[in-house]
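In the UniProt record's numbering, the protein residues as written are 1 to 282.
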């Protein structure tokens, strides 16, 4: 059951990022991120009130708040990246580091010892990031291997999502959903701070607003499913399965948005898939 919950989490994450990525094409990505998290906060609060129960400790709330910081950074910079770069490139970039970071923390801080396949996967992360970030030079442009638009922001998002997964997995099994609610509230505060620092607009109305809020609520459902998956499965397995979400927006971007990859980027996506797969075998 834990594996199924993690895969459902990945599906929800994928749809969330695709919808908000499309909205970010016409509206500032930071503004989209803010309204998405507001929608997610509303759903989280509703679920917590409806389900009740739980006995969260101060530590649980601390982990929830830290997860919210990661979520805020991850969502803000991912949607900023998708407003300038190809979705089929920036989403995988934001994911590979999110998978590798929990593994590295497990090894260096928690004393975990991955098996050989996991080390192979970790080694594949760097070439995957380098290849998938390479843009095709324009006709007459002598530059080779220019970094694709949005990749720097996607790398920042990658660290944020890594913190999100790591911290949320530490929340106790009897804590209920209030740490998730705190996580959403903190993420809104972080995004608002980033948005203010960049001087982006605050307003989003009409159908884009409705789509963004609905997608943000789906993102909260994704983190709730992930949290439950970590309670029924090893954190490493739940994290890697939930981190398969880029397959959804990448496929949808290639099919519906008619995005195209160059050979280096296609090879990078293969390396990314191999990295995630090998890490899952740790």
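Even for Gly, the Cβ is constructed at its ideal location relative to N, Cα and C.
Residue range of the unbroken alpha helix (DSSP H) whose run includes residue i
{"i": "residue 69", "result": "58–82"}
{"i": "residue 245", "result": "That residue, residue 245, is in no alpha helix (DSSP H); it is neither H nor E in DSSP."}
{"i": "residue 17", "result": "2–23"}
{"i": "residue 35", "result": "29–51"}
{"i": "residue 193", "result": "178–198"}
{"i": "residue 115", "result": "Per DSSP, residue 115 belongs to no alpha helix (DSSP H) and is neither H nor E."}
{"i": "residue 164", "result": "151–168"}
{"i": "residue 258", "result": "Here residue 258 belongs to no alpha helix (DSSP H), and DSSP marks it neither H nor E."}
Cβ-based burial, residue i [other Cβ within 10 Å; buried from 16]
{"i": "residue 33", "result": "buried"}
{"i": "residue 108", "result": "exposed"}
{"i": "residue 59", "result": "exposed"}
{"i": "residue 202", "result": "exposed"}
{"i": "residue 123", "result": "exposed"}
{"i": "residue 110", "result": "exposed"}
Residues of its chain near residue i, where Cβ-Cβ distance is below 7 Å and the 5 sequence neighbours each way are ignored
{"i": "residue 98", "result": "158, 161, 162, 165 and 243"}
{"i": "residue 198", "result": "30"}
{"i": "residue 241", "result": "3, 6, 7 and 10"}
Check whether residue i and residue j have beta carbons under 9 Å apart
{"i": "residue 176", "j": "residue 1", "result": "no"}
{"i": "residue 253", "j": "residue 18", "result": "yes"}
{"i": "residue 40", "j": "residue 220", "result": "yes"}
{"i": "residue 42", "j": "residue 213", "result": "yes"}
Cβ-based neighbour list, residue i, same chain, cut-off 6 Å, excluding 5 preceding and 5 following
{"i": "residue 246", "result": "91, 92 and 95"}
{"i": "residue 179", "result": "56, 60, 61, 64 and 171"}
{"i": "residue 24", "result": "32, 79, 82 and 83"}
{"i": "residue 286", "result": "The first residue shown for the chain is 1 and the last is 282, placing residue 286 beyond what the model contains."}
{"i": "residue 267", "result": "131"}
Selection from the options that minimises the alpha carbon distance to residue i
{"i": "residue 22", "options": "215, 231, 225 and 220", "result": "215"}
{"i": "residue 217", "options": "35, 131 and 67", "result": "35"}
{"i": "residue 273", "options": "118, 85 and 46", "result": "118"}
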